[in-house]
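Peer 1: Can you keep this structure in mind? I'll have questions shortly.
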Amino acid sequence: MTDYLSLNRANWDDRAAAHAASVDYDVARLVSGERRLSDVVEFDVPRLGDIDGLDVVHLQCHIGTDTLSLARLGATVVGLDLSPESLAQARRIADEAGLTVDFVESEVYAAPTALGGRTFDLVYTGIGALCWLPSIERWAATVAALLRPGGRLFIREGHPMLWSMGESETAVQVEYPYFEQSEPLVFTDGGTYVETDHQFTANTTVEWNHGLGEIVTALLDHGFAITALVEHDSAPWCALPGQMVADDRGEWRLSDRPQRLAATYTLQARKT
């Protein structure tokens with residue numbers, strides 16, 4: 129298999145500072161408290177519910193803006209990510225916001241070891257996480273290992289239907305596998321999903337899609353009860369440039385008949 133961890137880590141390391149400086153993340157307003165929560169967590173709150181006092185681990189936390197937001201909702205939060213440069217930004221942002229958040233460097237599958245066997249009330253995973261993992265079954269096993277009995281998984285993620293789409297500016301078209309494949313998709317792209325003039329040098333990524341049924345089945349096989357599954361016609365970034373428009377909450381959906389595309393989903397499950 130391609131050395132996906134090294135390639136993807138280098139890609140995220142290269143982009144961390146530019147993401148933290150971008151208008152899209154709007155870190156300054158988040159740090160100052162002018163914005164209490166990131167847009168992603170703000171969208172999640174009605175389904176996430178009251179997490180005050182819970183022990184939470186945020187997997188694949190990147191620069192920690194969503195992690196910070198979970199802490200502001202009263203949780204004791206650990207953020208975990210494979211990119212040391214992303215975590216450096218996350219620590220800086222949390223410090224500037226005056227919040228105590230632990231950040232741990234680790235790839236997802238090694239999280240139980242990296243966290244010393246610690247278990248949590250809630251595993252939270254945000255947008256754009258699962259596509260970096262080769263096996264959804266191993267992910268489900270990892271989440272199970274991180275949760276206490278009765279603990280909960282909360283994930284809002286790009287829909288596998290969206291991840292299978294090509295980036296045509298004129299048509300919605302399926303180009304990539306919907307189902308998990310043993311061979312990864314390898315992309316070379318000098319850009320990123322935020323507005324920036326920065327010139328990047330680590331531009332190769334290694335990715336996989338995972339069908340919604342595969343995700344649900346993996347969780348069921350590892351002792352979870354699915355408690356909620358909601359599909360959304362919007363995503364918090366312009367996933368298909370030229371074809372999507374933003375609403376006043378910063379959610380993007382197809383400008384033409386948005387009901388055609390499941391862009392994201394929210395899944396909740398409880399460890400039995």
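For the sequence shown, the residue numbers in this note's numbering are 129 to 400.
Idealized CB from N, CA, C, for every residue including glycine.
Mind checking which residues open and close the alpha helix (DSSP H) that includes R157?
Peer 2: Within the sequence shown, the letter at position 29 stands for residue 157. From DSSP, the alpha helix (DSSP H) with R157 extends over V155 to S160.
Peer 1: Checking 9 Å against the spacing of the C-beta atoms, do C259 and Y321 come in under that value?
Peer 2: Along the sequence shown, read from residue 1 onward, the residue named residue 259 stands at position 131. Along the sequence shown, read from residue 1 onward, the residue named residue 321 stands at position 193. Their beta carbons are not under 9 Å apart, which means C259 does not touch Y321 by this criterion.
Peer 1: Contact check, D349 vs N331 under 8 Å by CB: the rounded distance?
Peer 2: The residue labelled residue 349 in the question sits at position 221 within the sequence shown. The residue labelled residue 331 in the question sits at position 203 within the sequence shown. With a Cβ gap of about 36 Å, D349 and N331 do not count as contacting.
Peer 1: With H, G and I counted as helix, E and B as strand and the rest as coil, what does DSSP make of M129?
Peer 2: Position 1 of the sequence shown, counted from the start, is the residue given in the question as residue 129. Only weak support is given to the placement of M129: the predicted model assigns it a pLDDT of 49, under 50, and the value that follows is read from those uncertain coordinates. Residue state, collapsed to three classes: coil.
Peer 1: Looking at the secondary structure, which residues open and close the beta strand (DSSP E) in which P277 lies?
Peer 2: Stepping through the sequence shown from its first residue, residue 277 is reached at position 149. Where P277 is concerned, the enclosing beta strand (DSSP E) stretches over L275 to G286.
Peer 1: Quick check: the stretch 195-214 against the stretch 143-160, are there 3 or more CB pairs under 8 Å?
Peer 2: Short answer: they touch.
Peer 1: Using only CA atoms, which one of T394, V173, R280 and V229 lies nearest to P288?
Peer 2: Here residue 288 corresponds to residue number 160 of the sequence shown, with the count starting at 1. Of the listed residues, the one whose Cα sits closest to P288 is T394.
Peer 1: To which residues does DSSP link L313 through a beta bridge?
Peer 2: Here residue 313 refers to the residue found at position 185 of the sequence shown. Bridge partners of L313: E335.
Peer 1: Report, in whole angstroms, the separation of the C-beta atoms of R280 and R164, which I expect to be a contact under 8 Å.
Peer 2: On the sequence shown, position 152 is the one that residue 280 refers to. On the sequence shown, position 36 is the one that residue 164 refers to. With 8 Å as the limit, R280 and R164 do not qualify as a contact, their Cβ atoms being about 23 Å apart.
Peer 1: Suppose you measure from the CA of L227 to the CA of S234; what does that come to, to the nearest Å?
Peer 2: As a first step, residue 227 is located in the sequence shown; it is residue number 99 there, counting from the start. As a first step, residue 234 is located in the sequence shown; it is residue number 106 there, counting from the start. If I take the Cα positions, the gap works out to 22 Å.
Peer 1: Tell me which same chain residues have a C-beta within less than 7 Å of the C-beta of M372, skipping the five on either side of it?
Peer 2: Mapped onto the sequence shown, residue 372 falls at position 244. Closer than 7 Å at the Cβ level, and outside the excluded window around M372, lie C366, W380, R381, L382 and S383.
Peer 1: Which residue from T298, L243 and G254 puts its Cα closest to that of G370?
Peer 2: Translated into the one-based positions of the sequence shown, residue 370 becomes position 242. G370 has its Cα closest to that of T298, out of T298, L243 and G254.
Peer 1: In three-state DSSP terms, what is R381?
Peer 2: As a first step, residue 381 must be located in the sequence shown, where it is residue number 253. Reduced to three states, the DSSP call for R381 is strand.
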